[in-house]
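Under the UniProt record's numbering, the letters of the sequence shown match residues 1 to 466, in that order. Using N, Cα and C, we set each Cβ at its ideal position, and we do this for glycine too. For reference, the structure is listed below as structure tokens.
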Amino acid sequence: MSVAPKTAPHAQPEIITLDAALDASHAEAMRWYAEAINPTAVAEARILGETGAVVRAHGAVLTDDQGNEFLDCLAGFGSVNLGHNHPEVIAALDGVAALPGFLQIWPGAVTPALAVSLLRVAPGDLGRVFFCNSGTEAIEAAIKLVRGSMGRTGLLSTTNSFHGKSIGALSVSGRPVYQKPFGPLLPGCERVPYGDLDALEKALRTKDFGGFFVEPIQGEGGIVLPPDGYLKGAERLCRETGTLLVVDEIQTGLGRTGTLFACDRDNVAPDILCLAKGLGGGLFPLGACLARADVWDRVYGSRDTAHLHTSTFGGGSRACAVGLKTLEILLRDRLPGHADRVGRRLIARLRDIADRYPLIDEVRGRGLLIGIQFGSPRIGAGFAREYAGAVAAALLRQEHNIITINTLNNPNVMRIEPPLILTDAQADRIGDAMESIARRHRSVLGATAKIGLRNLRSRAVGSVPS
1 MSVAPKTAPH AQPEIITLDA ALDASHAEAM RWYAEAINPT AVAEARILGE
51 TGAVVRAHGA VLTDDQGNEF LDCLAGFGSV NLGHNHPEVI AALDGVAALP
101 GFLQIWPGAV TPALAVSLLR VAPGDLGRVF FCNSGTEAIE AAIKLVRGSM
151 GRTGLLSTTN SFHGKSIGAL SVSGRPVYQK PFGPLLPGCE RVPYGDLDAL
201 EKALRTKDFG GFFVEPIQGE GGIVLPPDGY LKGAERLCRE TGTLLVVDEI
251 QTGLGRTGTL FACDRDNVAP DILCLAKGLG GGLFPLGACL ARADVWDRVY
301 GSRDTAHLHT STFGGGSRAC AVGLKTLEIL LRDRLPGHAD RVGRRLIARL
351 RDIADRYPLI DEVRGRGLLI GIQFGSPRIG AGFAREYAGA VAAALLRQEH
401 NIITINTLNN PNVMRIEPPL ILTDAQADRI GDAMESIARR HRSVLGATAK
451 IGLRNLRSRA VGSVPS
């Protein structure tokens with residue numbers, strides 16, 4: 001019997017070193033991204049006019065490898081509230097460099113200090129904090145709290161809402177296009193029209209729902225503000241029906257809308273409050289689920305249950321140091337008030353432009369969470385109208401070096417969501433740019449042609465351009 005010869009062991013796979021990655025060209029980086037992460041995203045970026053590699057970021061300004069400067073009006077989807085690479089936040093990170101990053105059994109002072117501080121500034125009577133890594137994880141924590149504490153498995157939310165892309169978060173979101181491929185989702189999840197207190201009351205009176213999940217302003221839904229008094233009315237109905245009010249401030253919280261929390265404007269006291277995005281200071285992923293102590297303790301208040309919901313990386317010392325310094329700067333520099341003042345100035349300018357030019361249908365927002373809607377039938381039809389927000393964002397980038405993108409649920413709405421440190425001069429630059437676009441492009445069809453209608457229609461989004 002012959003014995004097969006041993007094959008030579010495989011050679012060590014060749015990885016890309018950090019130094020090589022930092023030295024790579026933008027084209028090479030995009031090839032890697034298309035090869036290993038998301039080829040469709042690369043194709044879309046090229047169609048809409050991607051910039052070169054961003055090599056420096058400071059404040060509200062991004063600089064590419066050709067020396068071009070761009071005003072950032074996306075800010076990491078509201079994550080970069082203090083501006084990019086705030087020196088005090090970087091110093092805070094350096095200050096905890098010697099601490100263990102993750103030591104759950106002995107967390108030190110930084111993590112509980114952030115928890116106590118958040119509870120002191122948060123609305124209502126919240127008494128417990130669970131730290132995690134994202135807004136989606138905060139929503140998942142809230143779902144478990146509701147189901148574990150209420151004895152009702154039903155979850156109520158609103159149409160057109162967005163709470164994340166995990167199975168639980170999708171179950172309480174209100175956009176079917178993101179849900180259908182992954183069903184069935186959690187049972188007992190229903191939605192009512194956003195802003196409709198009568199529909200909310202009818203649903204809550206059934207006593208089928210343990211919690212009502214709501215955004216103070218729908219961000220990815222198109223920067224949609226509810227009618228005045230809606231949040232306060234929702235709070236009242238939740239109290240009357242014994243339902244937990246879960247307020248999603250992942251995008252609106254921490255100064256974005258002109259108050260520290262958006263629900264502060266209506267003096268609303270949530271039972272559960274979800275935070276993320278801006279909490280990480282633009283440097284670290286950090287989320288938090290704040291809850292009333294009695295609600296938390298009903299689920300996790302014994303030795304047997306205290307560790308039923310944990311996170312390996314949640315509450316790490318570096319992330320919490322960044323969060324603590326971020327909160328300190330927000331309050332010390334009164335950035336919510338600054339966002340309110342500059343936002344009012346910018347919204348007024350944009351509404352004036354909308355009144356004078358047919359391209360813009362409506363301007364909505366509060367503070368520095370602003371949406372510009374292009375969806376009126378008068379501006380075009382089909383693809384051009386449906387993706388008008390993306391088209392306008394491409395024009396801002398190509399013609400005015402301003403970076404932004406459309407909202408996720410409504411691509412005919414373009415977001416203006418810059419860092420909260422935006423200056424008056426930068427706000428005026430945004431207004432000037434939008435006026436130039438509105439004056440030169442009377443319809444979205446014309447604007448679409450400007451950025452390359454043939455590319456938008458003919459290039460397969462799923463393929464990667466060479």
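State the CB to CB distance for the pair residue i and residue j, rounded to an integer number of angstroms; the pair is presumed to be in contact (CB under 8 angstroms).
{"i": "Asn412", "j": "Tyr387", "result": "7 angstroms"}
{"i": "Glu215", "j": "Asp266", "result": "Going by Cβ atoms, the distance from Glu215 to Asp266 rounds to 13 angstroms, so no, they are not a contact pair."}
{"i": "Val192", "j": "Glu235", "result": "Their Cβ separation, rounded to whole angstroms, is 15 angstroms, which puts Val192 and Glu235 out of contact at 8 angstroms."}
{"i": "Thr136", "j": "Gly188", "result": "In fact, because the Cβ distance is near 20 angstroms, the residues do not count as touching under 8 angstroms."}
{"i": "Gly78", "j": "Gln66", "result": "About 28 angstroms; that fails the 8 angstroms criterion."}
For residue i, name the three-state secondary structure that DSSP assigns.
{"i": "Leu225", "result": "coil"}
{"i": "residue 467", "result": "Here the chain has residues from 1 to 466 only, and residue 467 is not among them."}
{"i": "Ala460", "result": "Since pLDDT at Ala460 reaches only 35, below the 50 mark, its modelled position is unreliable, and no value is offered."}
{"i": "Ile15", "result": "coil"}
{"i": "His84", "result": "strand"}
{"i": "Val96", "result": "coil"}
{"i": "His441", "result": "coil"}
{"i": "Ala388", "result": "helix"}
{"i": "Cys73", "result": "coil"}
{"i": "Gln251", "result": "coil"}
{"i": "Glu328", "result": "helix"}
{"i": "Ser2", "result": "Here Ser2 scores only 48 on pLDDT, less than 50, and its place in the model should not be relied on; the value that follows carries that caveat. Note: Ser2 maps to coil in three-state DSSP."}
{"i": "Phe130", "result": "strand"}
{"i": "Gly371", "result": "strand"}
{"i": "Leu185", "result": "coil"}
{"i": "Val268", "result": "coil"}
{"i": "Arg334", "result": "coil"}
{"i": "Arg256", "result": "coil"}
{"i": "Leu244", "result": "strand"}
{"i": "Gly108", "result": "coil"}
{"i": "Pro358", "result": "coil"}
{"i": "Ile139", "result": "helix"}
{"i": "Arg120", "result": "helix"}
{"i": "Arg397", "result": "helix"}
{"i": "Gly195", "result": "coil"}
Nearest to residue i by CA position, among the options, is which residue?
{"i": "Pro112", "options": "Gly315, Gly148, Asn85 and Ser25", "result": "Gly315"}
{"i": "Leu118", "options": "Ala276, Ile370 and Ala306", "result": "Ala276"}
{"i": "Gly221", "options": "Cys238, Leu200, Gln426 and Met414", "result": "Met414"}
{"i": "Ile143", "options": "Gly59, Ala293, Gly211 and Leu22", "result": "Gly211"}
{"i": "Thr206", "options": "Leu155, Ser25 and Leu346", "result": "Leu155"}
{"i": "residue 469", "options": "Gly148, Ile105 and Gly258", "result": "Since the first and last residues shown for the chain are 1 and 466, residue 469 lies out of range."}
{"i": "Arg351", "options": "Met150, Val121 and Asp432", "result": "Asp432"}
{"i": "Asp333", "options": "Asp294, Leu254 and Trp32", "result": "Leu254"}
{"i": "Ile372", "options": "Val224, Leu245 and Asn85", "result": "Val224"}
{"i": "Leu185", "options": "Ile167, Leu197 and Leu200", "result": "Ile167"}
{"i": "Gly323", "options": "Ile217, Asn38, Phe261 and Leu286", "result": "Leu286"}
{"i": "Thr252", "options": "Glu14, Arg31 and Leu368", "result": "Leu368"}
{"i": "Asp294", "options": "His163, Gly124, Ser149 and Gly101", "result": "Ser149"}
{"i": "Asn133", "options": "Arg120, Gly164, Glu201 and Arg147", "result": "Gly164"}
{"i": "Ile15", "options": "Trp32, Ser25 and Leu99", "result": "Trp32"}
{"i": "Val55", "options": "Ile47, Ser25, Pro39 and Val42", "result": "Ser25"}
{"i": "Tyr230", "options": "Ile250, Gly219 and Glu201", "result": "Glu201"}
{"i": "Val246", "options": "Val146, Ile105, Ala75 and Glu28", "result": "Val146"}
Is the beta carbon of residue i sitting closer than 9 angstroms to the one on residue j?
{"i": "Gly282", "j": "Val61", "result": "no"}
{"i": "Asp271", "j": "Ala291", "result": "yes"}
{"i": "Leu330", "j": "Cys73", "result": "no"}
{"i": "Thr263", "j": "Val110", "result": "The question names Thr, yet the displayed sequence has Cys at residue 263. No."}
{"i": "Ala115", "j": "Val96", "result": "no"}
{"i": "Tyr194", "j": "Ser173", "result": "no"}
{"i": "Cys274", "j": "Ile139", "result": "yes"}
{"i": "Glu240", "j": "Phe209", "result": "no"}
{"i": "residue 494", "j": "Asn81", "result": "For residue 494 there is no data in the structure shown, the boundaries of the chain being 1 and 466."}
{"i": "Leu420", "j": "Arg256", "result": "yes"}
{"i": "Ile430", "j": "Ile402", "result": "yes"}
{"i": "Gly343", "j": "Arg366", "result": "yes"}
{"i": "Ala392", "j": "Phe374", "result": "yes"}
{"i": "Leu204", "j": "Thr243", "result": "yes"}
{"i": "Leu18", "j": "Phe284", "result": "no"}
{"i": "Ala427", "j": "Arg356", "result": "no"}
{"i": "Ile437", "j": "Glu399", "result": "yes"}
{"i": "His307", "j": "Ala141", "result": "no"}
{"i": "Gly59", "j": "His84", "result": "yes"}
* Asked: At what residue ranges does the region 142-176 contain a whole run of the beta strand (DSSP E), taking only runs of 3 or more?
  -> 154-158
* To do: Would you mind listing the beta strand (DSSP E) stretches within the region 18-66 that are 3+ residues and don't spill past its ends, in chain order?
  => 54-58 and 61-64
* **Inside the region 270-309 only - beta strand (DSSP E) runs reaching at least 3 residues** => 272-275 and 287-291
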